[in-house]
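Enquirer:
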Amino acid sequence: MLLFAGVLMAAVHPEAILKSTQSSVEAGRDLPLVGEEFSNGETFRLVLLGALNDYALGDVDTNDEGKFTIDLAIPANVRPGQYQLVAYAPDGDRSATMDVSVTAASPEAAEEGHDESMASGATAEEMIIQRSTTGVGWGVIGLVIGLAGGFGLALLRGTPSVEV
Amino acid sequence: MIDTLREALNERLALDALDYEVPKATGRLRYMLGGLTAFLIGVLVVTGLYMAQYYDPTPRGAHDSVLYLISRAPLGDWIRSIHYFSAGGVVLTVTAHLAYVFWRRSYKKPREVTWWAGVAMAGLIFLLVVTGSALRYDQEGFEALAHFVAGGRLTGAFGVFFTEGFTPSTSLLSRIFSLHTSLFPLLLGLLIALHFWLIRQLGIHADYSETGIFRNHATRLAGFGFLLFAGLGVLAIVVPVGIGFPAVPGVEITKPFWPVLWVYGLENLLGAWGMILGPSIVFLFLGLVPLLDRGEDDTPGRHGWVGWVALALALAILGLWLYGVFGEAQQHIGM
Chain A
-7 MLLFAGVLMA AVHPEAILKS TQSSVEAGRD LPLVGEEFSN GETFRLVLLG
43 ALNDYALGDV DTNDEGKFTI DLAIPANVRP GQYQLVAYAP DGDRSATMDV
93 SVTAASPEAA EEGHDESMAS GATAEEMIIQ RSTTGVGWGV IGLVIGLAGG
143 FGLALLRGTP SVEV
Chain B
76 MIDTLREALN ERLALDALDY EVPKATGRLR YMLGGLTAFL IGVLVVTGLY
126 MAQYYDPTPR GAHDSVLYLI SRAPLGDWIR SIHYFSAGGV VLTVTAHLAY
176 VFWRRSYKKP REVTWWAGVA MAGLIFLLVV TGSALRYDQE GFEALAHFVA
226 GGRLTGAFGV FFTEGFTPST SLLSRIFSLH TSLFPLLLGL LIALHFWLIR
276 QLGIHADYSE TGIFRNHATR LAGFGFLLFA GLGVLAIVVP VGIGFPAVPG
326 VEITKPFWPV LWVYGLENLL GAWGMILGPS IVFLFLGLVP LLDRGEDDTP
376 GRHGWVGWVA LALALAILGL WLYGVFGEAQ QHIGM
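Protein chains in written order, with my numbering: chain A, -7 to 156; chain B, 76 to 410.
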């Protein structure tokens, strides 16, 4: 029981597993990471997928048994929050994934380039967010608005007017 | 072709049942405020269901999940903005509907229960607004949540559900999310059904000397509803709704969602009790209206002293709202 306590793991690929003894890591620090059941002798790309940003964390090579053990450096500029750590195979497939929480960088770690705006104190201001509606998205939005407006007008014009 | 399709639908969906008589005046916009409220509630349900697919109702993940919804989920930013503006729209239409029904004195016998169902729905909409504003879990959302806790503590056993001490098994945020997305909408749906049933059975409180058919009323209502939706869609593009920074606990520096600003103004005057007393007095008065204004006469606008009390309350709410808007942000709950 204790052996598994605190060990987080999740596998997308039926075999490959990412696990760590930590469920959270401070930005700018290392996350002890173990990979198992991967393809032997291949290179996997590790990426942190977050709500606002993704962070490429570099490549890792598996040994002859399909394993690796590393201390994964989490950049100091990673925004605190919930992330998925994903190992991508050379062909781009997701081989394994695990959840990890990144906490705010310590002042020492922040010297490496932590985003100050994210470490602000309490404020009633709103965040400046890159909104990413695609061209297709704008097309769908325009279509929905156009259909709703056209349908609404058609309904109003198709029914008897009433006393004013 | 279209006529054939219409006849086929009429026959199979029994749409002819919609051809009952209603007063011709129901074609006017002021008789459609309740229907438009229902339409907007439908918009809120659909957009809310979409957002729920991306929302993480845990303190650790809530803010990030809203950020994801805004910045990465397909159409998430637009749909969330429509949800926000529809919520504001519902507050406006339900307030206007309530005011017009009050002025018409449509709460008098035999429509007391119809009125009470409407008041209960208005109360639920108020609760849906405040629970919804907490879910963004930025500084404003966190402070809204802190107000639930403070209100829960003030009201003792009645409010224990809203305190962190209710259970350690799940967070207050998760429970508020559950209320916002399941219990409150369920109750609202039941009350809407009751409200519509009673209106169908008791008739609309208007002059029946000139009549039209309900199908035309419903069609025009749907027409206005879709136009309103298109307008909200444009508004959501022009003024996309944002989100504040992650909350810093123990700080109270934001103002709430605009429909709640009158309560905020009252809190400026009375402290945390304002959030309990203000809504309680307003909804208690509304609930008592059919009992206070009795008698056969139902001439619109001739409420006697009940009307003056209502006017005083309305002016007080307006004044408090303006105070909430223009007054400086204050601390109310001693965070």
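From the three backbone atoms N, C-alpha and C, an ideal C-beta is built for every residue, glycine too.
List the residues of chain B whose Cβ lies closer than 7 Å to the Cβ of Gly113 of chain A, in chain order.
Expert: Result: Val323.
Enquirer: Could you name the residues of the same chain whose beta carbon sits closer than 6 Å to that of Gln74 of chain A, not counting the 5 residues immediately before and after it, in chain order?
Expert: Closer than 6 Å at Cβ, skipping near neighbours: Ser93.
Enquirer: Spell out a yes or no on whether the segment 86 to 100 of chain B and the segment 130 to 145 of chain B are touching, meaning 3 or more CB-CB pairs, one atom from each, closer than 8 Å.
Expert: Too few Cβ pairs lie closer than 8 Å, so no.
Enquirer: Is there a Cβ from chain A that is less than 7 Å from the Cβ of Gly278 of chain B?
Expert: Closer than 7 Å: no.
Enquirer: Ala83 of chain B: buried (16+ other C-beta within 10 angstroms of its C-beta) or exposed?
Expert: When all chains shown are included, Ala83 of chain B counts as exposed.
Enquirer: Look at Gly164 of chain B and Leu104 of chain B and say whether their C-beta atoms are less than 7 Å apart.
Expert: Cβ atoms of Gly164 of chain B and Leu104 of chain B: not closer than 7 Å.
Enquirer: Strictly below 7 Å CB to CB, what residues from chain A border Asp152 of chain B?
Expert: Simply Arg123 and Thr125.
Enquirer: Is it true that the segment 321 to 340 of chain B meets the segment 197 to 213 of chain B, where meeting means three or more beta-carbon pairs spaced less than 8 Å apart?
Expert: Flag = yes, the segment 321 to 340 of chain B and the segment 197 to 213 of chain B touch.
Enquirer: Quick one: which chain A residues come within Cβ less than 7 Å of Asn291 of chain B?
Expert: Ordered by position in chain A, the residues that pass the 7 Å Cβ test against Asn291 of chain B are Thr151 and Pro152.
Enquirer: Between the alpha carbons of Phe60 of chain A and Glu342 of chain B, how many angstroms are there, rounded?
Expert: Whole-angstrom Cα-Cα distance: 58 Å.
Enquirer: Report yes if the C-beta distance between His255 of chain B and Thr329 of chain B is below 7 Å; otherwise report no.
Expert: Against a cut-off of 7 Å, the Cβ pair of Thr329 of chain B and His255 of chain B comes out as no contact.
Enquirer: Residues of chain B with CB closer than 7 Å to the CB of Val136 of chain A, please, in chain order.
Expert: Within chain B, the residues near Val136 of chain A are Gly308.
Enquirer: Mind checking the segment 125 to 147 of chain B against chain A and listing, in chain order, the residues whose C-beta falls within less than 7 Å of any C-beta there?
Expert: Under the 7 Å Cβ criterion, the segment 125 to 147 of chain B contributes Arg135, Gly136, Asp139, Ser140, Leu142, Tyr143, Ile145, Ser146 and Arg147.
Enquirer: Just to make sure I have the definition right: I need the residues of chain B whose C-beta is within less than 8 Å of the C-beta of Glu117 of chain A. Which are they?
Expert: In chain order: Gly319 and Phe320.
Enquirer: Just verifying my parser: in three-state terms, what is the DSSP assignment at Pro365 of chain B?
Expert: In the structure shown, Pro365 of chain B sits in a helix (DSSP, three-state: H, G or I).
Enquirer: Under 7 Å between C-beta atoms, does Ile267 of chain B make it to chain A?
Expert: Chain A, which has no Cβ nearer than 7 Å to the Cβ of Ile267 of chain B, makes this no.
Enquirer: Return the CA-CA distance between Leu173 of chain B and Val194 of chain B, expressed in angstroms with no decimal places.
Expert: The straight-line gap from Cα to Cα measures roughly 8 Å.
Enquirer: Can you have a look at Leu139 of chain A and say buried or exposed, based on whether 16 or more other CB atoms are within 10 angstroms of its CB?
Expert: Counting Cβ neighbours within 10 Å, Leu139 of chain A comes out exposed, since fewer than 16 surround it.
Enquirer: Check Val323 of chain B in the structure and name its three-state DSSP category.
Expert: Looking at Val323 of chain B - three-state DSSP - the assignment turns out to be coil, as it is neither helix nor strand.
Enquirer: Determine the closest residue to Gln128 of chain B out of B:Val120, B:Gly226 and B:Pro260, with distance taken between C-alpha atoms.
Expert: Nearest C-alpha to Gln128 of chain B: B:Val120.
Enquirer: Count the CB pairs spanning the segment 40 to 60 of chain A and the segment 13 to 28 of chain A that are closer than 8 Å, and state whether there are at least three.
Expert: Yes, the segment 40 to 60 of chain A touches the segment 13 to 28 of chain A.
Enquirer: With a threshold of 16 other CB atoms inside 10 Å of the CB of Phe233 of chain B, please say whether the residue is buried or exposed.
Expert: With fewer than 16 other Cβ atoms within 10 Å, it is exposed.
Enquirer: With a threshold of 7 Å between beta carbons, is Val17 of chain A in contact with chain B?
Expert: Not one chain B Cβ lies under 7 Å of Val17 of chain A.
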